[in-house]
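Per full-length UniProt numbering, the sequence shown starts with residue 1, numbered consecutively. Even glycine gets a Cβ: it sits at the ideal position worked out from N, Cα and C.
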Amino acid sequence: MREVDVAVIGAGPAGLFAAYYAGFRGLSVAVVDALPEPGGQVTAMYPEKLILDVAGFPSIKGRDLVANLVAQAAPFDPCYLLGTRAETLSYADDRPVLGLAGGARLRCGAVIVTGGLGSFTPRPLPVAEHFTGAGIVYFVPQPAELAGRDVLIVGGGDSAFDWALTLQPLARSVTLVHRREKFRAHAATVARVLALPVRVVVNAEVTRLHGDGTVSAAEITVRGGAAETLPVDTVVAALGFTADLGPLAGWGLRLDRRHIVVDSTMATNLPRVFAAGDITEYPGKVRLIATGFGEAATAVNNAAVAIDPAAHLFPGHSSDGS
Numbered sequence: 001m002r003e004v005d006v007a008v009i010g011a012g013p014a015g016l017f018a019a020y021y022a023g024f025r026g027l028s029v030a031v032v033d034a035l036p037e038p039g040g041q042v043t044a045m046y047p048e049k050l051i052l053d054v055a056g057f058p059s060i061k062g063r064d065l066v067a068n069l070v071a072q073a074a075p076f077d078p079c080y081l082l083g084t085r086a087e088t089l090s091y092a093d094d095r096p097v098l099g100l101a102g103g104a105r106l107r108c109g110a111v112i113v114t115g116g117l118g119s120f121t122p123r124p125l126p127v128a129e130h131f132t133g134a135g136i137v138y139f140v141p142q143p144a145e146l147a148g149r150d151v152l153i154v155g156g157g158d159s160a161f162d163w164a165l166t167l168q169p170l171a172r173s174v175t176l177v178h179r180r181e182k183f184r185a186h187a188a189t190v191a192r193v194l195a196l197p198v199r200v201v202v203n204a205e206v207t208r209l210h211g212d213g214t215v216s217a218a219e220i221t222v223r224g225g226a227a228e229t230l231p232v233d234t235v236v237a238a239l240g241f242t243a244d245l246g247p248l249a250g251w252g253l254r255l256d257r258r259h260i261v262v263d264s265t266m267a268t269n270l271p272r273v274f275a276a277g278d279i280t281e282y283p284g285k286v287r288l289i290a291t292g293f294g295e296a297a298t299a300v301n302n303a304a305v306a307i308d309p310a311a312h313l314f315p316g317h318s319s320d321g322s
């Protein structure tokens, strides 16, 4: 059984900042996330999108923000347990013990849950159920890999239009198909895509995929019309996600719908378990990345006192030790 001072569940922005801040306080850290790379929803859903409301950055791409957060924590050598889900929570000698998928256990001085929306699963593309080959993706973590390809994007929300903006300069062609005439995406983003050489087909669905081992073509059927076959190398299914707390829901945490109720110290109702970021709930809660950073620092400082009652709640400013 591995031992660590602080286990952070969730490698999104709040979790990565918690890893830095725990290291700054001299605590050993393990970061657990079911996704295969750090960044949480930012990496999975909008790595190339500009984020405009992080203090100190007039604008920054999601991917760059995540890279900066990983670099900020790196001097303290956090242990990343990615592609691993936290399944169970128990206690031994009043210390939390996390049971991880695969049977490993992690004994902690404290746990900080920064799981965003919890576990999120992409809504499947119905026609993909009948196609066993490759070439259907729900995220595009490395847009450069689609350079020179014929890309079909399915969906009408922000993610679909964000991918269209990102991939149009790289791909050989980009076609966006939506089953309705109206879009859920922000109007300004829609206008930007419509001004590009992106073909947008509305009131239509993907009715068949062709290919031997990988996608080579797709049939698009406009409502009331005949099917049209397009050459396609990659299908990006941007149909949204379903989210739930997964195993966390069975830990005995006090919940308000899918959110974890915390007090002003970011403490939950369970001993030595704290939470920060979008997953938390309290009066006046505002779900922003910027808010999550402050909550992560609050959670770490209070966790430090829970681990060692002789520790100071406020460790001093980081600039004091520079």
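Check whether residue i and residue j have beta carbons under 7 Å apart
i      : j      : result
Val8   : Ile112 : yes
Asp278 : Arg287 : yes
Ala276 : Ala304 : no
Ala237 : Leu125 : yes
His259 : Glu228 : no
Val4   : Leu81  : no
Thr189 : Ala134 : no
Thr291 : Met266 : no
Leu170 : Pro141 : no
Leu152 : Ala218 : yes
Val174 : Ala164 : yes
Val193 : Phe161 : yes
Gly155 : Phe183 : no
Ala110 : Ala306 : yes
Arg123 : Gly148 : no
Burial state of residue i (16 or more Cβ within 10 Å)
i      : result
Phe293 : buried
Ser159 : buried
Leu106 : buried
Leu196 : exposed
Thr121 : exposed
Leu253 : buried
Phe314 : exposed
Asp150 : buried
Asn269 : exposed
Gly225 : exposed
Leu52  : exposed
Pro78  : buried
Pro96  : buried
Ala22  : buried
Pick from the options that is closest to residue i, judged by C-alpha positions
i           : options                           : result
Ala73       : Ala19, Leu125, Arg63 and Val201   : Ala19
Ala86       : Val66, Cys108, Asp77 and Asn68    : Cys108
Phe131      : His210, Ala110 and Thr166         : His210
Glu48       : Gly62, Gln41, Pro38 and Gly56     : Gly62
Lys285      : Asp256, Asp308 and Ile307         : Asp256
Asp320      : Leu194, Pro36 and Arg25           : Arg25
Asn68       : Pro38, His186, Tyr46 and Pro96    : Pro38
Met1        : Pro78, Ala92 and Gly83            : Ala92
Thr242      : Tyr21, Ala30 and Gln41            : Gln41
Ala128      : Gly155, Val66, Arg208 and Ala187  : Arg208
Ala14       : Val300, Asp308, Gly56 and Ser318  : Val300
Gly12       : Tyr21, Gly148, Val70 and Gly23    : Val70
Ala34       : Phe57, Leu89, His312 and Leu100   : Leu100
Ala30       : Leu98, Thr88, Gly316 and Leu89    : Leu98
Tyr46       : Asp263, Thr88, Pro75 and Phe139   : Phe139
Gly246      : Leu16, Pro75, Thr88 and Phe57     : Thr88
Phe57       : Ile289, His317 and Trp251         : Ile289
Phe76       : Phe17, Pro309 and Asp94           : Phe17
Ser90       : Trp251, Arg199, Asp212 and Gly316 : Trp251
residue 345 : Ala191, Ile220 and Ala187         : Because the chain is modelled from 1 through 322, residue 345 falls outside the range shown and cannot be assessed.
Ser264      : Asn302, Leu230 and Asp244         : Asn302
Asp94       : Asp308, Ser216 and Ala191         : Asp308
Nearest-angstrom Cβ-Cβ length linking residue i and residue j, presumed shorter than 8 Å
i      : j      : result
Val137 : Val177 : That pair is no contact at about 15 Å.
Leu146 : Thr43  : Not really, about 16 Å apart at Cβ, beyond 8 Å.
Gly115 : Gly10  : 4 Å
Pro36  : Gly103 : Actually they do not touch by this definition, with Cβ atoms about 19 Å apart.
Val222 : Ala204 : 4 Å
Ser59  : Leu50  : 5 Å
Val54  : Leu27  : No, Val54 and Leu27 are not in contact; Cβ-Cβ is about 25 Å, not under 8 Å.
For residue i, the residue or residues it bridges with in DSSP
i      : result
Arg95  : Ala92
Ile112 : Val8 and Phe274
Tyr46  : DSSP, once it has assigned bridges, lists no residue as partnering Tyr46.
Thr175 : Leu152 and Arg199
Arg2   : Leu106
Thr280 : Ile260
Glu205 : Thr221
Ile136 : Val235
Tyr80  : Val31
Ile60  : Ile51
Pro122 : Phe241
Residue-level contact to chain B via CB, residue i, 7 Å cutoff
i      : result
Leu194 : As a matter of chain content, chain B is missing from the structure shown, which is built from one protein chain.
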